[in-house]
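Numbering (this note's numbering), first residue to last: 6 to 462.
All C-beta atoms, glycine included, are put in the ideal place defined by N, C-alpha and C.
The structure under discussion appears below in the form of structure tokens.
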Ligand code: HEC
Ligand code: HEC
Ligand code: HEC
Ligand code: HEC
Ligand code: HEC
Ligand code: HEC
Ligand code: HEC
Ligand code: HEC
């Protein structure tokens, strides 16, 4: 008795001192709700976490995770041992879920499904060593989001999002470039800097292998704790728990600051936007990430200067789920030979062009894309050929004139060449060969051709 009341005092003191985000006025720990006589092991149940993490608990209650056992019960599978492992906390483990009558607080995908057993923490909140880990690795989710019915983890592993870009991984491991490149390339950096608002030590990833680093992980895009309302066309009853809006309709602008501002763009545009280079930069081409800007029909220019080419609205900017419609097409499980498609390879699936109600058949959309691609490729080839010897125009990073050394010709000719190479790489690095914004991509390359003609190349 004395022991538990002193713990209670300590708990209350910790609760009052703890930062916002924890439910501030924690009530003293009460008895477990009925139906939990079997809760004596390492798992303690989500209900108990609510005493101190009240906000997190309230948001979690509204998620499908919290009702995952109810989902099984509605189909008469509430006691099927084959299903319970992923629809409850700790089923099959000592101290884990057994049934509603004795371990009700472990029903559904609870706090401890992702954070591990919490009893030691609850009984010793002040002990830092006993705090449950906060792990953003996709393997936490991949334990359940796996298999033929929902191969989300396996498909994500095949995507470029699964691993940090190779050259950057070695840089990060040496303690370099994290703050300049990590916002988009490091899930670890992004979590601390953006989600948690913390300053991140430069050596955060020192000595880590590429496999130990988090790139664009599940929890980078998904809020693990709550519904967010960010998916306006979610299937009935679902929410997808996206951290950022799935669709956005920004007005095209060529202002440098706006083209790099993630808050203008949808979830994919948090990273797939311009890094801010303009045609005046001599050492580097625009980054590989300009997709959202091309989609909107915009291009950063030095402040106070004219746009290089005319903006065009893309018909594809109006597709229902924008980037996801084409890059995240999903399909339910049909059979072992036609397993579910989770959309998490992020590769274009032309079935999405039909599902979004735009094209009559996937073959039809694919054929249109192929035709567009060859015409864009022909324009790219023509511009590249007419630019001529790379030593006379290329970025210094890419085999051309050394940093600071002027490219060939008079001042006007040099500016013209800089504009052309910028347009060329902007169109090339978008990577969709016109599909993101057919008219705008054509305009970029026709403008580049015109500029080349003006200097006799
Ligand atoms: C009696 C109060 C109390 C209860 C009950 C409680 N916690 Fe905590 N928890 C804390 C305090 C205090 C901290 C430290 C807060 C901080 O550093 O922001 C903490 C920290 C955590 C952290 C680590 C946060 C971080 O940033 O490192 C996790 C995860 C966590 N709790 C999960 C849980 C889970 C899961 C449960 C239920 C099984 C639970 N807690 C129950 C008080 C409590
Ligand atoms: C213990 C197994 C388990 C773990 C671990 C798990 N999930 Fe789930 N998840 C489920 C189940 C089961 C459902 C379906 C629940 C239902 O429909 O009743 C689900 C549903 C979801 C949904 C759909 C929500 C909606 O409203 O459409 C998302 C998104 C999701 N999980 C993301 C995650 C992420 C991100 C992680 C890791 C941070 C994760 N899950 C970890 C089992 C799990
Ligand atoms: C390997 C872990 C795992 C096992 C085992 C499992 N589920 Fe699930 N279940 C999930 C996940 C993860 C989701 C969420 C899928 C999503 O939204 O992509 C889910 C979702 C569901 C849904 C919601 C509808 C849907 O398909 O999205 C139903 C119904 C369901 N499971 C029934 C079952 C039944 C019945 C069994 C046993 C025969 C079972 N599950 C076994 C992980 C599992
Ligand atoms: C689907 C997996 C999942 C579930 C379920 C889950 N968490 Fe978390 N939790 C995470 C991940 C991943 C992070 C790190 C990312 C973040 O904070 O958004 C995290 C972070 C935290 C943190 C530290 C940062 C913060 O947001 O305050 C606390 C505390 C926490 N969780 C408590 C809880 C509690 C309490 C519950 C149950 C009500 C719960 N979690 C349920 C996956 C989960
Ligand atoms: C605004 C977000 C953002 C920032 C900041 C950023 N990148 Fe990227 N980067 C991306 C995206 C998105 C891609 C993928 C584009 C694609 O696949 O078409 C990418 C692609 C790359 C690639 C090509 C990868 C490949 O496999 O071809 C390299 C190399 C690269 N980035 C290096 C860097 C370096 C070095 C920095 C820091 C100086 C950096 N990036 C900063 C978003 C960013
Ligand atoms: C780059 C961002 C991103 C990453 C990374 C990501 N997701 Fe998603 N996820 C989305 C978006 C966007 C949707 C909604 C797709 C749609 O509208 O069809 C979604 C949908 C889902 C859904 C609900 C739809 C369904 O039935 O499958 C689940 C479950 C899910 N994701 C789980 C995960 C898991 C688990 C991981 C990690 C293995 C993950 N996601 C990684 C962006 C992401
Ligand atoms: C947190 C930043 C971030 C977000 C959010 C993000 N991406 Fe990426 N994406 C990247 C980076 C970084 C790469 C480059 C990875 C590499 O090649 O090394 C990339 C690569 C890609 C690729 C090339 C894939 C490959 O396998 O080479 C596609 C396609 C893609 N992303 C689509 C999307 C879509 C669609 C969304 C929204 C649902 C999205 N991304 C959201 C950062 C992000
Ligand atoms: C109308 C369908 C469509 C929409 C909408 C769409 N894309 Fe694409 N995207 C494509 C096609 C087609 C390609 C070329 C794919 C290929 O060659 O495999 C592509 C290529 C890409 C690539 C380069 C992939 C690589 O392997 O290098 C990235 C990155 C990308 N898209 C991201 C995005 C982002 C971010 C959005 C939203 C702003 C978006 N896409 C919207 C169809 C679309």
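| Query | Result |
| --- | --- |
| Quick one: what does DSSP say residue 227 is sitting in, helix, strand or coil? | strand |
| For residue 384, which residues from the same chain have a beta carbon less than 6 Å from its beta carbon, with the 5 sequence-adjacent residues on both sides left out? | 450 |
| Excluding the 5 residues flanking residue 324 on each side, which residues of the same chain have their C-beta closer than 8 Å to its C-beta? | 330, 331, 361, 363 |
| Check the C-beta distance from residue 43 over to residue 71 and give it rounded, since I have them as a contact under 8 Å. | Not really, about 20 Å apart at Cβ, beyond 8 Å. |
| Contact check, residue 232 vs residue 68 under 8 Å by CB: the rounded distance? | 6 Å |
| What's the call for residue 457, buried or exposed, on a 16-neighbour Cβ count within 10 Å? | buried |
| Tell me the residue span of the alpha helix (DSSP H) that contains residue 363. | Here residue 363 belongs to no alpha helix (DSSP H), and DSSP marks it neither H nor E. |
| My output table needs one value for residue 127: the three-state DSSP class, helix, strand or coil. | helix |
| What did DSSP end up calling residue 168 once you bin it into helix, strand or coil? | coil |
| State the DSSP-derived secondary structure class of residue 49, mapped to helix, strand or coil. | coil |
| Would you check whether ligand 8 has a heavy atom nearer than 7 Å to the C-beta of residue 362? | no |
| Which residue spans inside the stretch 254-326 form an unbroken beta strand (DSSP E) run of at least 3? | none |
| From the DSSP secondary-structure annotation, give me the bridge partner or partners of residue 93. | 112 |
| In whole angstroms, what is the alpha-carbon distance linking residue 274 and residue 423? | 26 Å |
| Cα separation between residue 89 and residue 357? | 33 Å |
| Name the one or two DSSP bridge partners that residue 247 has. | 227 |
| If we count the other Cβ atoms within 10 Å of its Cβ and call it buried at 16 or more, is residue 13 buried or exposed? | Here residue 13 scores only 36 on pLDDT, less than 50, and its place in the model should not be relied on; the value that follows carries that caveat. Answer is exposed; the Cβ neighbour count stays below 16. |
| Is the Cβ-Cβ distance between residue 218 and residue 169 less than 8 Å? | yes |
| Are residue 246 and residue 277 touching if we call contact CB-CB under 8 Å? | no |
| By the 10 Å Cβ neighbour count, where 16 or more other Cβ atoms means buried, how is residue 85 classified, buried or exposed? | exposed |
| Let me check one thing: in DSSP terms, what residues is residue 200 bridge-paired to? | The partner list for residue 200 (beta bridge, DSSP) is empty, contrary to what the question assumes. |
| Beta carbon of residue 70: closer than 7 Å to some heavy atom of ligand 2? | yes |
| To the nearest whole angstrom, what separates the beta carbons of residue 150 and residue 157, a pair I think is in contact under 8 Å? | 4 Å |
| Return no unless some Cβ of chain D is closer than 8 Å to the Cβ of residue 150. | Absent from the structure: chain D. Only one protein chain is present. |
| Return the CA-CA distance between residue 448 and residue 314, expressed in angstroms with no decimal places. | 6 Å |
| Take residue 239 and list the residues in its own chain whose beta-carbon comes closer than 8 Å to its own, dropping the five residues that flank it on each side. | 245 |
| Please report the distance separating the alpha-carbon of residue 288 from that of residue 111. | 57 Å |
| Can you grab the Cα-Cα spacing for the pair residue 312 / residue 411, in whole Å? | 23 Å |
| Here's the rule I'm using: 16 or more other beta-carbon atoms within 10 Å means buried, otherwise exposed. How should residue 255 be labelled? | buried |
| Let me know the secondary structure DSSP gives residue 450 once reduced to three states. | helix |
| Report yes if the C-beta of residue 80 is less than 7 Å from at least one heavy atom of ligand 7; otherwise report no. | no |
| Skipping 5 residues on each side, what residues in its chain have a beta carbon closer than 7 Å to that of residue 221? | 166, 192 |
| Just the C-alpha distance for residue 178 and residue 207, rounded to the nearest angstrom, thanks. | 10 Å |
| Note down the Cα distance separating residue 93 from residue 107, rounded to an integer number of angstroms. | 13 Å |
| Looking at the strands, I want to know which residues DSSP matches up with residue 343. | 340 |
| Can you tell me whether residue 149 sits near ligand 3, meaning its C-beta is under 7 Å from at least one heavy atom of the ligand? | yes |
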